[in-house]
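Residue numbers (this note's numbering): 66 to 306.
Below: the structure, in structure tokens.
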Amino acid sequence: MRYAILADIHGNLAAFEAVLRDIDDKGGVDELWCLGDVVGYGPDPAECIALLRRHTHICVAGNHDWAAIGKIDICDFNPHAAEACRWTGGRLAPGDIEYLEGLPLRLERGDFTIVHGSPREPIWEYVMSVHEAEANFGCYDTKHCLIGHSHVPAVFELSDNNCLIEELKPLLKLGERRLIVNCGSVGQPRDGDPRAAYAIYDAGEQVIYHSRVGYDVERVQQRMVSLGLPRFLAERLGHGW
Ligand code: ZN
């Protein structure tokens with residue numbers, strides 16, 4: 066079985082469509098695993114929910130998913146994120162709200178626990194350092210954990226009670242050691258590469274294939290500005306930050 070790992074789509078339909086085309090080109094998958102933040106920042110939140118729901122998928126809740134429907138407070142959001150969040154809330158139909166409302170905080174599939182932020186704090190915690198990862202290895206029961214939220218691809222590996230951080234390469238072979246893996250963001254990458262990031266997990270081969278996919282960033286930027294979303298959020302897409 067093969068699974069696509071998609072995180073932080075953030076209402077960026079063009080990036081999401083480009084990733085789905087790339088998945089098809091690579092032979093398709095049996096299920097999409099979505100790590101939350103389907104909406105927020107981008108110009109097409111409802112369309113992204115609809116496209117996700119047309120596929121066989123599972124999805125956990127992200128902070129933007131629940132903030133957009135008022136389920137959690139936006140007081141911790143920066144002003145641009147808060148503005149985009151209020152804008153997003155106004156674009157959602159009752160069915161979209163019901164879908165986001167019902168998303169679980171964590172899911173387990175085979176060897177993987179799936180969360181948005183971290184297994185310790187699924188909605189809010191960023192796992193970006195060895196220290197943060199180390200504290201989280203004790204917070205889930207499966208062998209590995211998939212996370213999003215930081216929008217920065219990375220692999221944290223637990224070895225003899227030591228934790229290491231590694232770059233996520235195009236091919237990650239799963240072995241004996243426990244891993245926490247972040248496959249980056251589809252709709253708003255923040256590692257300096259503006260291309261959409263995602264991965265395919267092949268359970269038979271025990272390999273995670275990480276990919277980057279280009280899309281028409283400029284068109285999305287123009288659309289965001291024309292819809293009245295903060296210009297800063299459009300500009301950052303071009304920098305991959
Ligand atoms: Zn996000």
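Ideal Cβ positions, reconstructed from N, Cα and C, are used throughout, including at glycine.
Beta-carbon contacts of residue i that lie in its chain and below 6 Å, excluding the five residues immediately before and after
i    : result
W306 : R255
K45  : With the chain represented from 66 up to 306, any question about residue 45 goes unanswered, as that position is not in the structure.
P235 : H275
E173 : T207
C210 : T178, P184 and I245
H120 : L97
A268 : M66
A198 : V192, F221, C228 and I245
Residue i (DSSP reduced to helix, strand or coil)
i    : result
H275 : strand
D109 : coil
R243 : strand
H214 : coil
H304 : helix
V220 : strand
K236 : The residue you asked about is not Lys; residue 236 is Leu in the sequence shown. Correct three-state label for L236: strand.
L292 : coil
Proximal residues to residue i (C-beta, below 7 Å), its chain only, five neighbours per side dropped
i    : result
D281 : A79
V84  : L71, V251, A261, Y263 and V278
P295 : H145, E148 and A149
D130 : G101, D102, V103, V104, L165 and L168
H216 : D73, G249, S250, Q253, P254 and R255
D122 : It should be pointed out that residue 122 corresponds to His in this sequence rather than to Asp. E96, L97 and C99.
V94  : R67, Y68, A69, I88 and I265
Assigned exposure category for residue i - 16 Cβ within 10 Å defines buried
i    : result
M289 : buried
C140 : exposed
G291 : Per the sequence presented here, residue 291 reads as Ser, with Gly not at that position. Looking at its Cβ environment, which holds fewer than 16 other Cβ atoms inside 10 Å, S291 is exposed.
F35  : With the chain running from 66 to 306 in the structure shown, residue 35 is simply not present.
H304 : exposed
D138 : exposed
N143 : exposed
P169 : exposed
N128 : buried
N226 : exposed
G101 : buried
Q287 : exposed
G203 : exposed
G213 : buried
N92  : According to the sequence displayed, residue 92 carries Gly and not Asn. Exposed, by the Cβ-count rule.
Cβ shell of residue i (< 8 Å), same chain only, five flanking positions each side left out
i    : result
E82  : L116 and Y280
G135 : G154
A133 : V104, G105, P110, C150, T153, G154, L157 and L165
P218 : E232, L233, N247, C248, G249, D256, A262 and H275
R242 : E222, L223 and S224
Below-8 Å beta-carbon distance, residue i vs any chain B residue
i    : result
R174 : Absent from the structure is chain B; it holds one protein chain and no more.
For the region 142-209, list the beta strand (DSSP E) runs that are entirely contained and at least 3 residues long, ordered along the chain.
As for any beta strand (DSSP E) of minimum length 3 sitting wholly inside the region 142-209, the runs are 172-174 and 177-179, ordered along the chain.
Three-pair Cβ contact test at 8 Å for the region 233-250 versus the region 154-173:
Put simply, the region 233-250 does not touch the region 154-173. Fewer than three CB pairs are less than 8 Å apart.
Touching by the beta-carbon criterion (3+ pairs, under 8 Å), the region 71-84 and the region 101-112:
By the Cβ test, the region 71-84 is in contact with the region 101-112, since at least three Cβ pairs between them sit closer than 8 Å.
Continuous beta strand (DSSP E) assignments of at least 3 residues falling wholly in the region 246-273
The region 246-273 contains these whole beta strand (DSSP E) runs: 261-267.
Check whether the region 227-240 touches the region 176-195, counting contact only when three or more Cβ pairs, one atom from each stretch, lie closer than 8 Å.
The region 227-240, when compared against the region 176-195, does touch it at the 8 Å Cβ threshold.
Three or more C-beta pairs under 8 Å: does that hold for the region 168-179 against the region 140-158?
Touching, no, given that fewer than three Cβ pairs across the two stretches are closer than 8 Å.
Every unbroken beta strand (DSSP E) inside the region 73-135 [3 residues or more]
Counting only runs of 3 or more, we get 96-99 and 122-124.
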